[in-house]
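K.L.:
Numbering (the working numbering), first residue to last: 10 to 184. Every residue, glycine too, gets a C-beta built ideally from N, C-alpha and C. To start, I am sharing the structure in question, which I have written as structure tokens.
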């Protein structure tokens, strides 16, 4: 059994409240903050869930430039595909239309994907967190079972090399 390596911008994280069963919200924020820069997200709490949603202006104003930076680093002769993705994004000025484009899954290098992470509210109780990505890379079946520290390294590497604030929402996941 393999999993897929996925790289992309996290635009939403969702935690069901029943899973935290009265656990402190501050602890949830601290744990989620280990995955992304929480300053880039709006937090909404309802009776059913806690939602962390990226500030839409970041996607609208910085996604294009961020993808330009990242695509320039990728080797493999995909420049025409990258240009097509960037062109499509530039035509869609709103957050909703950009996410809609990713959900269409017409482009290998720009797809919406949901992955599941676990955060620890207490040392003995992991809580499932649904993470929605604007994936810019979904790479083959991998036999990678315990690579979380390597993935955190990759996230930090991308964040530190980008000039765009939106890089604080970059995620690397295996699912």
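Measuring alpha carbon to alpha carbon, tell me which of 149, 138, 62 ends up nearest residue 108.
P.N.:
Per the Cα distances, 62.
K.L.:
Got a sec, what are the start and stop residues for the beta strand (DSSP E) residue 51 sits in?
P.N.:
Counting along the chain, the beta strand (DSSP E) containing residue 51 begins and ends at 50–54.
K.L.:
Return helix, strand or coil for residue 43, following the three-state DSSP convention.
P.N.:
Coil.
K.L.:
Nearest to residue 97 by alpha carbon, out of 28, 115, 22, 177?
P.N.:
Ranking 28, 115, 22, 177 by Cα distance to residue 97 puts 115 first.
K.L.:
Determine the DSSP secondary structure at residue 118, reduced to helix, strand or coil.
P.N.:
In the structure shown, residue 118 sits in coil (DSSP, three-state: anything other than H, G, I, E or B).
K.L.:
For the segment 161–180 against the segment 30–48, are there 3 or more C-beta pairs whose distance is under 8 Å?
P.N.:
Yes, the segment 161–180 touches the segment 30–48.
K.L.:
Could you compute how far the alpha carbon of residue 121 sits from the alpha carbon of residue 181?
P.N.:
Going by the C-alpha atoms only, they are around 14 Å apart.
K.L.:
Would the beta-carbon of residue 20 fall within 8 Å of that of residue 169?
P.N.:
Result no, Cβ atoms of residue 20 and residue 169 do not sit closer than 8 Å.
K.L.:
DSSP state of residue 30, grouped into three classes?
P.N.:
Residue 30 falls in the coil class under three-state DSSP.
K.L.:
To which residues of the same chain is residue 80 closer than 7 Å at the C-beta, ignoring the five residues directly before and after it?
P.N.:
Taken in chain order, the residues that qualify are 91.
K.L.:
Is DSSP giving residue 148 helix, strand or coil here?
P.N.:
If DSSP states are grouped into helix, strand and coil, residue 148 belongs with the strands.
K.L.:
Going by other Cβ atoms of all chains shown within 10 Å of its Cβ, with 16 needed for buried, is residue 166 buried or exposed?
P.N.:
Label assigned to residue 166: exposed.
K.L.:
How many angstroms separate the CA atom of residue 75 from the CA atom of residue 87?
P.N.:
Cα-Cα distance, rounded: 17 Å.
K.L.:
According to DSSP, simplified to helix, strand and coil, what is residue 169?
P.N.:
If DSSP states are grouped into helix, strand and coil, residue 169 belongs with the helices.
K.L.:
Suppose contacts are defined by Cβ-Cβ distances below 8 Å. Is residue 69 in contact with residue 99 by that definition?
P.N.:
For residue 69 and residue 99, no; Cβs fall outside 8 Å.
K.L.:
Just grab the DSSP bridge partners of residue 160 for me.
P.N.:
Note: residue 160 sits in no beta bridge, so no partner.
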